[in-house]
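Heads up: the sequence shown begins at 476 in the numbering used here, then just goes up one per residue.
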Amino acid sequence: MTGPNIWLGQYDGHAAATCCGAVLETAGALANDAAAHARWRELVLRMGAALGWPAPAPVIRGRTGVTILAFHAPLDQLMLATDINEWAWELACGVQAHAGLHTQHPHLPDFAAALAWFAGQAAQQANPPLLALAAAAREHQLPLLLDDTALSLGTGRGGRSWVLPDLPLVDSVPWSALAAVPAVMVSGTNG
476 MTGPNIWLGQ YDGHAAATCC GAVLETAGAL ANDAAAHARW RELVLRMGAA
526 LGWPAPAPVI RGRTGVTILA FHAPLDQLML ATDINEWAWE LACGVQAHAG
576 LHTQHPHLPD FAAALAWFAG QAAQQANPPL LALAAAAREH QLPLLLDDTA
626 LSLGTGRGGR SWVLPDLPLV DSVPWSALAA VPAVMVSGTN G
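Structural data, given as structure tokens:
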């Protein structure tokens with residue numbers, strides 16, 4: 476899971492507008508292992524610092540048999556943050572770590588190999604125009620919605636969307652025409 480969420484929106488002093496990050500739900504024998512959690516936290520902090528990310532602020536929240544591992548990441552690096560979260564947890568648990576759990580990702584035997592892979596991915600995913608628009612949306616107190624293909628600023632009749640390859644410059648956005656309508660979001664796993 477990535478993006479704004481309850482785990483990152485309420486902890487470590489991050490405002491709701493900056494609560495984006497990666498969340499991993501763990502289960503199994505090491506889900507509640509404090510030593511594995513400490514190793515995961517150290518790896519996430521170290522990788523975030525090496526990539527130049529501001530304060531990942533790792534969050535660990537658990538209950539019997541399940542633990543949530545979350546940390547803040549830049550808006551344009553959320554998919555990469557998900558891979559880093561999985562990699563750090565695998566390594567913390569003593570599992571052969573990969574960049575993500577998918578077979579097309581390489582085996583990362585140590586921190587240096589992981590950093591080289593993740594730094595390359597970060598450069599490919601970097602999107603300075605997106606970050607500039609996100610900062611301007613916060614200034615204008617407008618919601619920003621992002622998916623794999625488009626960015627929306629504002630909501631309802633006061634909203635406007637752009638496809639990701641064609642994001643506008645901050646100065647060309649009609650900020651005074653954008654607005655937010657009240658919204659209620661309901662989510663859950665049972666339908």
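Here a beta-carbon is modelled for each residue, glycine too, at the ideal position from N, C-alpha and C. As the structure is a prediction and not an experimental result, all values here were calculated from the model.
Meets three-Cβ-pair contact criterion under 8 Å: the segment 620 to 630 and the segment 643 to 660: Yes: at least three Cβ pairs fall under 8 Å.
Candidates A597, L608, A524, M554: closest to L617 by CA position: L608
Distance between beta carbons of A511 and C568, contact taken as under 8 Å: Their Cβ separation, rounded to whole angstroms, is 6 Å, which keeps C568 and A511 in contact under 8 Å.
Nearest to D508 (by Cα), restricted to the options V661, V519, F593, I535: Closest by alpha carbon: I535.
Of the residues H582, D558, L553, the one placed nearest L621, counting alpha carbons only: The shortest Cα separation from L621 among H582, D558, L553 belongs to L553.
Beta-carbon gap between F586 and R521 smaller than 8 Å: yes
Distance CB(T624)-CB(L605) smaller than 8 Å: no
Cβ distance (whole Å) where W528 is taken to contact A548 below 8 Å: 6 Å
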